[in-house]
Each structure stands twice: as structure tokens, then as C-alpha cells.
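Let me begin by presenting the structure, written as C-alpha cells, before commenting on it.
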Amino acid sequence: VEQATGVTINYSIAGKTKALLSAPLMLRHQDTIPFIEFTKTVHSDFFDPLGNIESKMDAKYGRYMETQSKVFLRDSVRVFNFKGDTLYCKELYWDRARVGSEFYTDKAVRIRTKTEIIDGIGLDAPQDFKSYHIEQGTGFVKVPASSFPR
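Here you go:
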């Protein structure tokens, strides 16, 4: 196992930054299927083609499966978009191959917007988190914007 601390990874395609990941600890496992673990939190900023941050993600644990270009996140996962919508869930995947629905889970989710709380089971959403599809809605509450903390 290789270990690195204070890690920042710039994920780019064709010379353009798509994501900037940071973590206090990274463990790289050279196994039959190599993977990288972030065991003490992981944060990522996702960028649009102009270099602006379009969404952010935080989790207490992350695992990157190198050969699959897939990330598994768990424990207090949160995704924010530029509108202020926030996704909360216990487990979430990010998969580069699923263009247009890079984020997905089959677990319970909660989305807080400026005026709503939406609960459900299963979700897929694009990396910018501008839209989302909840597989099975389990609750919806309309809330005045003044009720949410700023």
C-alpha cells in the first residue's frame, strides 16, 4: 500500500480540468484490481468547460477503482450545485462512463432546495447536478425559504 498525505488531484480531459479532488490521506492498493482509498474524507470540485465550478462533493470515505474509472463514496455524502440544491445520501457512485448521469445510487437520498425537501430511494444525476431523477419518491415537503439556514 502506498500512502500520501495532503493530496490534490487534477482530473482533466483534453487539457481542461473536469474535477479537482483533495483529501488529507490517500492509500493506493496494488492488488489484482488496483484501487485508491480516501479514508479520512474526500472533497471534489467539478468544473464546466469554461473552468467555473458547477458542483461540489464531500464524503467521509471514497474509493476510486482505477480500471473502471468509477468512484464509490460513503458516509455523509453531500453534493452541492450552483443553485444551492444539496443532495444528502449514505452511498453514491460517480462513473465517468455514464455520461449525463455520472452520479447514481440505489440507496435513500434527500435533496434540499431553497424551498423543498425531497426524499426518495435511488437517484441518477449529471455531474453538474443541475437536474436529477429520483427512482422512487418517498416524501416531499414545501418549506419557506426563511426556514433554511443561510
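Quick note, our numbering runs 598 ahead of the 1-based positions in the sequence shown.
Here a beta-carbon is modelled for each residue, glycine too, at the ideal position from N, C-alpha and C.
Predicted, not measured: the structure shown is a model, and the values here were computed from it.
Grab me the residues of Asp704's own chain with a C-beta within less than 6 Å of its C-beta, minus the 5 sequence neighbours each way, in chain order.
Gly720
Under the three-state reduction of DSSP, which class applies to Glu635: helix, strand or coil?
strand
In this structure, does DSSP put Glu700 in helix, strand or coil?
coil
Are the beta-carbon atoms of Gly702 and Asp683 separated by less than 8 Å?
Looking at the sequence provided, one finds Tyr at residue 702 rather than Gly. No.
Residues bridged to Asn650 [DSSP beta-bridge criterion]:
Answer is none; Asn650 lacks a bridge partner.
Could you pull the start and end residues of the beta strand (DSSP E) that Tyr691 belongs to?
Thr684 to Asp693
For Val640, tell me which candidate among Tyr659, Glu664 and Met663 has the shortest Cα-Cα distance.
Tyr659
Residue interval of the beta strand (DSSP E) (run including Lys750):
The structure shown does not extend to residue 750, since the chain is modelled only from 599 through 748, so no value can be given for it.
Three-state class that DSSP yields for Thr603 in the structure shown
strand
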